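Read through the structure below, which is laid out as structure tokens, and then see the notes.
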RNA sequence: GUGGAUGUAGCUCAGGGGUAGAGCAUCGGAUUGUGGCUCCGAGUGUCGCGGGUUCGAAUCCCGUCUUCCACCCCA
């Protein structure tokens, strides 16, 4: 009989249990912070109607969309009416438009789900991956103060992830467009093209951008190019510097002035929100690729790992759901690509395998004592301690080996000797220590051990809070 | 979609016209209440797929697929 080689399609991330636990810990941290800042959970279907998803046909998105089709429909040669979502923003727009009357505005939702993109796989880039989005959608209006609030959320998450220093870089599309307009680049399309090139500054360097802007398709005058480069090369190192950067821009047109005002308001909020100055900076080269951003744009990087690139990005959009409703729904949102983030952090050695979610293994020393083992396991579980029981008799050595390989930190051992003494043995496989405790104090003793390990950062809190 | 590379045991790879190897991993054992170290033993491959050259191909040639890297785009 021929067997099929078991393998996952390229561009998918499939993990072993201990790595999956580490990944889920990452998602949990993100989710916890989203909820802490008052965002509500939403899930939408993995696939949407094609007509809903592909509002803007042509271009990059359509090239990357996976269509979904039943075999029956495929045989009939019908065009697929379903497609897998490629981000969470388009489904959000549909969701808000569809449930507009049942939602409270400003609507704050978080969504942690997988999205699909049919692109060729590369390092840390997947065809199926998790996005963790938050968006705040207003009705008719939404204050830029919300734009500042998102900075606080990002800072809170990356602080808690403890992956070293990070920088949330801020910019504003109006400010950029206004600046280009002042230089005589008035056409919106042309501005978009310049935005896209300028965004590559930190990756490709000033010379690359200079050459591109002077080349065909742009052909900008040297003075304009130098003005642009001088503008986009600026970075703030502190709040005072950020304010000075805005102050030096001067005015000249409504867009530029609006951008300066908006960014200024965002800066004014950050201190009160408790975001340290070291966590954010203005960077006038940040543009983001998506063309629906109209105001604030965000891009977060890990200072000590520039190679990882952006770990969280997003921005403000004027009218989220114009394709689905006549209501004006402005919003602001950010997204964390969790699969890529996890993968990159692991590559950089910033994240390892976790310990098992199983906290204690109840070993089976003597099959005759099975009723005792069952009782022990029940006690542990009732106390909120995650416990696994060995059901098959076998050598104790093998059972401990199993616990070790499975990443289980503690083993409980009970044989004739302990039973006679009314005691039970607790073994810490990591510390290579064991101690005997009176049977009645097992739970207390284990809790102390577990809390200690959590305090040392060796374990994460599992099971119900005790 | 464009350009470049790759493909040999579960993994990392060596070999290079005469029919396949190492390390790691896996499993078993080292006197029946204690894991990660050590020692002993065991198994596995249509050498990516198809065709050609040859007495003979994993090894040379052609095609094809796959995976990877860069561009594009993005998380």
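In the numbering used here, the protein residues as written are 7 to 472. Ideal Cβ positions, reconstructed from N, Cα and C, are used throughout, including at glycine. Fair warning: this is a prediction, and the values are worked out from it, not measured in the lab.
- Excluding residues up to 5 positions away in sequence, 114, 115, 116, 140 lie with their Cβ nearer than 7 Å to the Cβ of residue 45 in the same chain.
- Across the structure, residue 188 and residue 21 are spaced so that their CA atoms are roughly 52 Å apart.
- Straight-line spacing of the CA atoms in residue 185 and residue 213 works out to 21 Å.
- The criterion of a C-beta distance shorter than 7 Å is not satisfied by residue 305 and residue 284.
- Taking the Cα positions, residue 53 is about 41 Å away from residue 367.
- Here residue 439 is bridged, per DSSP, to 434.
- Straight-line spacing of the CA atoms in residue 80 and residue 132 works out to 26 Å.
- For the 7 Å CB-CB criterion, residue 414 and residue 362 form a contact.
- The shortest C-alpha to C-alpha distance from residue 126 to any of 178, 462, 17, 110 is the one to 17.
- Closest in C-alpha terms to residue 163, from the list 256, 209, 231, 41, comes 41.
- A straight-line Cα-Cα distance of about 6 Å links residue 356 and residue 169.
- In this structure, residue 288 sits near residue 248, with a CB-CB distance shorter than 7 Å.
- Given a length threshold of 3 residues, each whole run of the beta strand (DSSP E) inside the segment 210-294 is given here in chain order: 286-288.
- Residues of the same chain with a CB within less than 8 Å of the CB of residue 152, apart from the 5 flanking positions on each side, are 112, 142, 144, 338 in chain order.
- Scanning its chain for C-beta atoms nearer than 8 Å, with the 5 sequence neighbours on each side dropped, one finds around residue 36 the residues 118, 138, 163, 342, 344, in chain order.
- A direct Cα-Cα distance of roughly 44 Å separates residue 136 from residue 229.
- Counting only residues of its own chain and dropping the five nearest sequence neighbours on each side, residue 465 has a CB closer than 7 Å to the CB of 361, 415, 456, 459.
- With fewer than three CB-CB distances shorter than 8 Å, the segment 260-280 does not count as touching the segment 213-223.
- The segment 389-401 makes no contact with the segment 433-440, as fewer than three CB pairs between them are under 8 Å.
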